[in-house]
Amino acid sequence: MFSKILIANRGEIALRVIRAARELGIKTVAVYSESDRNSLHTILADEKVCIGPAKASDSYLDIPNILSAADITKSDAIHPGYGFLAENPRFAEICESSGITFIGPQAALIRLMGNKSLARQEMKRARLPVIPGSDEVVESLPYAKKIAKKMGYPIILKAAAGGGGKGMRIVRTPGQFEDLFALAQNEARAAFSDASLYIEKYLASARHIEIQIIADTHGNVVALGERECSIQRKHQKIIEETPSPYVDERLRKKIVKAAEEAARSIGYQSLGTFEFLVDEKKKFYFMEANTRIQVEHPITEMVYNVDLVKEQIRIAAGEKLSIADGLEMRGYSLECRINAEDPVTFSPSPGTIDFLVFPGGQGIRVDSAAYQGWKIPSDYDSLIAKIAVLSPSRAEAIRKMQMALEMTTIVGIKTNLPLHLTILSDSDFIAGRYNTQFMERYPKKNGNQK
Ligand code: ADP
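The following block contains the structure:
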C-alpha cells in the first residue's frame, strides 16, 4: 500500500480523498494555489505545497509544478480527483514514467475515452448500442450538413474533446446549422484547444442514466447500479438519484450487463462511469465514459454502503476488489449540488461566507470544503457543497432532502438552495416523471438552450 498520496485537486473532492487516505493509514499532501492558502484541503492535509498563482493553468493544471511537489514530498501516488488533470492522459503517463502511481485507469484508456467520437466507435465495436450519429468527427461544413440531413433534425453537435457540457449545440433546422456549427467549434477550441465536432441524433425526451463500474487489475469487474442525472441545467447535473424511478429491474440488468461487458472488452482498471441516454421506449444508448471518480459518487456509496475512493486507492495499489458482485441496494439516495450562484440569473456568487450551518442526522451526508469565514475564490467552479440523503423509500428521501436543505443556512453569498427546494416540491419530480428537458419549465431564468 502507498505511504503518501498527493492530491492534485482542491475543494470538496480533495477533502474526500484526504478522508479516505487517512482511514487507510496513508499520509496526504495538498497542493494549493495562492488563492487557496486558507482553503480547507490546504489546512487538513498532512503536508502542503504551494504550486502557483490562482489561475488554474498556472497551478492545478501545471504538470511540472505538481510533479515537483510530489518529488520533494516523496509521494508515491497522485489522486487527481475530478476536473483539472483527472482525464489528461499525458499527465497519467508522466506520473507513471516518473515512478509515481496515477490513481486512475490506464493512460491509453483515458486517451481513448477522452475522445468521445473514438469512444463511440470503440463501444460500437464492443456491441454497445450507441446514439445514432456520425462515425467520425466531421471536419467540413458541407459534409456535416449532409450527415445531419440524412439523419434527420434535430441533431446535436458535440465536441469530441468535450466535457462539462461545453461545445454542444442542438440544431433543430437546416437553416441554423452553419451558425451553430461555428459556435460549437469556437467553444470547443477555446475550452479544449480542439475544435473537432461529431454529430448525434438529438434525443429530445431521454433520461440520463449512468452505471458505476469498478474494476481491479486482476480481471474483476463489478457494476454498482445506476444513477439518474436528468435534472440538468445547460447539460450540467444539478440533482442525482439512485435507484432511478424510471429503471425497472429488467432494464437495470440489461444496462448493467452492457456496461460491465464494455468495461471488460477494453480491459478497464479502476473506477469509471458509463453514461447512457434512455429513450421513451426504454431503449438505452451509450453516450460517453468518464474515467474518474464522479461528483455524484456519494449516492452510490450510500445505497450500497461502500467507499468508492478507498476502493479506488486499493485497486491502484494492486489489491483485489473487496466489493462483491450482486450487492443489494439498501434504500434510496438523492444528492443536491449546492452552488455559489444567483438562483435567478445563475451567475457565480463568490465572496465570504459570514454564517454557515449544515444539516446533520441519520442518513444525511454533506461533502463540502466550505467553512464560516472562508472567502470563496472566484477562480474555480462554484460547487460549495453536496448534500446527500439515504431513506428507505423515494418519497421519504425527498422529504428528508427538503428538511436537510431547509436546515441549511449560508449567509454572505447567494446559493441555488431555493432552486433545489422548488424542484423538490415539483409534482412531476415527486412522481419521478421527468427527463433531461425538466429544467426547460423555468425557461427565462435558467439560461437553458431552447
Ligand atoms: P459532457 O461530457 O460535456 O458532460 P455529455 O455527452 O455527457 O457531455 O452530455 C451531457 C448532457 O447533454 C447529457 O446528459 C444530455 O442531457 C445532453 N445530451 C448529450 N447528447 C445528447 C443527445 N444525443 N440527445 C439528447 N441530449 C443529449
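FYI, in the working numbering the residues of the sequence shown are 76 to 525. Where a beta carbon is used, it is the ideal one built from N, C-alpha and C, also for glycine. All of these numbers come straight from a predicted model, not from anything done at the bench.
Practice task
Report yes if the C-beta distance between L431 and A445 is below 9 Å; otherwise report no.
Solution key: yes
Handout entry: Cutoff 7 Å; reference T23; Cβ partners in own chain excluding five residues on either side
Key = Since the displayed the chain opens at 76 and closes at 525, residue 23 lies outside it and no answer follows.
Exercise for the section: Kindly indicate the opening and closing residues of the alpha helix (DSSP H) around I388. Expected result: L383 to A391
Problem - Bridge partner(s) assigned by DSSP for Q287 - result: Its beta-bridge partners are T348.
Exercise for the section: Please say whether I288 and A334 have beta carbons closer to each other than 9 Å? Expected result: yes
Exercise for the section: Compute every distance between the C-beta of A279 and the non-hydrogen atoms of the ligand ADP, then say whether any falls below 8 Å. Expected result: Yes; taking the cut-off as 8 Å, the Cβ of A279 has a heavy atom of the ligand ADP nearer than that.
Exercise for the section: Please name the residue in G237, E275, I231 and G240 whose C-alpha comes closest to that of L255. Expected result: In this structure, I231 is the residue among G237, E275, I231 and G240 with its C-alpha nearest to the C-alpha of L255.
Problem - Closest Cα partner of E98 within the set I505, Y509, S500 and I388 - result: Its Cα nearest to that of E98, the residue I388 stands out among I505, Y509, S500 and I388.
Handout entry: Beta-carbon gap between C170 and F177 smaller than 9 Å
Key = yes
Practice task
List the endpoints of the continuous beta strand (DSSP E) containing N414.
Solution key: Y407 to N414
Handout entry: Under the three-state DSSP convention, the category L465 falls into
Key = strand
Exercise for the section: For S468, I'd like the list of residues in its chain whose CB is within less than 7 Å of its CB, leaving aside the five on either flank, ordered along the chain. Expected result: Y407
Practice task
Could you tell me which of I368, E376, I314 and L272 sits nearest to G237, measuring between CA atoms?
Solution key: Ranking I368, E376, I314 and L272 by CA distance to the CA of G237 puts L272 first.
Practice task
Please classify L480: does DSSP put it in a helix, a strand, or coil?
Solution key: helix
Problem - Uninterrupted alpha helix (DSSP H) stretches inside the stretch 312 to 362 (no shorter than 4 residues) - result: 324 to 340
Exercise for the section: Given a cut-off of 9 Å, decide if E350 and A364 are closer than it, judged by their beta-carbon atoms. Expected result: yes
Problem - Closest Cα partner of A223 within the set T248, P204 and L115 - result: Between A223 and the set T248, P204 and L115, the nearest pair of CA atoms involves T248.
Practice task
Just tell me which of I306, K233, E162 and R94 has its CA closest to the CA of R367.
Solution key: E162
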